[in-house]
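Data block below; observations after.
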Amino acid sequence: MTEKLSDEKFSEVAEHYRQICARLEEAKRRAGRSDEVRLMAVTKTVAPEIVNYAVSLGISLLGENRVQEYLEKRDRYAPGCEVHFIGGLQTNKVKYIIDKVRMIHSVDSGKLAAEISRRAAAAGTVMDILFEINIGGEESKNGIPPEELRRLAEETAALPNLRIRGLMTIPPVDRDGSSERYFEKMKRIYEDFRTGCSGEKNFRVDTLSMGMSGDFETAVQYGSTIVRIGSLLFGYRKY
Ligand SMILES: *Cc1c(COP(=O)(O)O)cnc(C)c1O
Numbered sequence: 003m004t005e006k007l008s009d010e011k012f013s014e015v016a017e018h019y020r021q022i023c024a025r026l027e028e029a030k031r032r033a034g035r036s037d038e039v040r041l042m043a044v045t046k047t048v049a050p051e052i053v054n055y056a057v058s059l060g061i062s063l064l065g066e067n068r069v070q071e072y073l074e075k076r077d078r079y080a081p082g083c084e085v086h087f088i089g090g091l092q093t094n095k096v097k098y099i100i101d102k103v104r105m106i107h108s109v110d111s112g113k114l115a116a117e118i119s120r121r122a123a124a125a126g127t128v129m130d131i132l133f134e135i136n137i138g139g140e141e142s143k144n145g146i147p148p149e150e151l152r153r154l155a156e157e158t159a160a161l162p163n164l165r166i167r168g169l170m171t172i173p174p175v176d177r178d179g180s181s182e183r184y185f186e187k188m189k190r191i192y193e194d195f196r197t198g199c200s201g202e203k204n205f206r207v208d209t210l211s212m213g214m215s216g217d218f219e220t221a222v223q224y225g226s227t228i229v230r231i232g233s234l235l236f237g238y239r240k241y
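Going by my numbering, the letters in the sequence shown line up with residues 3 to 241, in that order.
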């Protein structure tokens, strides 16, 4: 998990950060957007010293996708950064992170939502969540099919310690290398969801989490409000 840290590594991250910020601004400009698109640094396999360096450059949001790895690293993270959980989450692991993250992006069952609400109640908090959509219908991926969104929303609407903030997705890549048609679909699903839920208790839908290193500019074009960037910021990783 740990990598050797050299001066070059740090300056590489700084350079990548500058480039990503510039590209994000340009993508927003092209999309005619003046609202906020948050840049999340996805930290898997990255040493805490490098994560802290990214924070010192201006990153204010971290994405964690492995419970064990996060628990091992978090004591060495600089304080004050917002952390979201973005990986697959087993129900029996919720208790370990409930008071250590601000949002969970990967909710894909009523059972998981119920456990998050129960643990949040015990911890005296309300947890922000996103529903993960399997937009390409891929068997290998987490998330619910879009058709099940309504039912899951109804199932979770009465859970007292949840606040439903929106949707997350990891789209497939088509043979031509593009994910555009999936982002387009997600935009429509998100807009319908937001309109349909407005005014309902427990719902404050304002977040569409999509776009990674290879496709974040397209995601911005289709309304993403959080782009989750790992390898483009920190460099190539082994898994
Ligand atoms: C690893 C990961 C990312 C970032 O992927 P990159 O292609 O390295 O930017 C984003 N979201 C999730 C859920 C991830 O696991």
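Yeah, the Cβ is synthetic: ideal placement off N, Cα and C, and Gly gets one too. These figures come from a predicted structure and were not determined experimentally.
In the structure shown, Gly-198 falls within a helical segment according to DSSP collapsed to helix, strand and coil. By DSSP's assignment, Glu-134 forms a beta bridge with Met-170. Of the candidates Asn-136, Tyr-79, Gly-34, Glu-74, the residue whose Cα lies closest to the Cα of Leu-169 is Asn-136.
Per the coordinates, the alpha-carbon of Pro-148 lies some 14 Å from the alpha-carbon of Leu-210. In the three-state reduction of the DSSP assignment, Ala-43 falls in the strand class.
Lys-46 and Tyr-224 have their alpha carbons spaced roughly 26 Å apart. Excluding residues up to 5 positions away in sequence, Glu-66 lie with their Cβ nearer than 6 Å to the Cβ of Tyr-72 in the same chain. Ordered along the chain, residues surrounding ligand 1 are Val-44, Asn-67, Ile-88, Met-214, Ser-215, Arg-230, Ile-231, Gly-232, Ser-233 [Cβ under 5 Å from any heavy atom].
Leaving aside the five residues that flank Ala-221 on each side, the residues in its chain whose CB is nearer than 7 Å to its CB run, in chain order, Phe-185, Met-212, Gly-213, Val-229. The C-alpha of Glu-202 is placed about 10 Å away from the C-alpha of Ala-160. The alpha-carbon separation between Cys-23 and Cys-199 amounts to approximately 32 Å.
Measuring C-alpha to C-alpha distances from Asp-178 to each of Arg-152, Glu-150, Asp-217 identifies Asp-217 as the nearest. In the DSSP secondary-structure assignment, Thr-158 is not bridged to any residue. Its chain contains Arg-165, Arg-167 as the residues whose beta carbon lies nearer than 7 Å to that of Arg-206, once the 5 sequence neighbours on both sides are disregarded; these appear in chain order.
Comparing alpha-carbon positions, the option among Asp-101, Asp-176, Leu-151, Phe-236 lying closest to Tyr-192 turns out to be Leu-151. At a Cβ-Cβ threshold of 9 Å, Glu-38 and Leu-64 do not count as neighbours. Note on Val-175: under 16 other CB atoms within 10 angstroms of its CB, so exposed under the neighbour-count rule. In the DSSP assignment, Ile-22 falls within the alpha helix (DSSP H) that extends over 9 to 33. At a cut-off of 4 residues, the continuous stretches assigned as alpha helix (DSSP H) that sit fully inside the segment 70 to 100 are 96 to 99.
Residue pairing by DSSP puts Leu-210 in a beta bridge opposite Leu-169. In terms of Cα proximity to His-86, the closest of Ala-122, Arg-20, Asn-94, Ile-99 is Ile-99.
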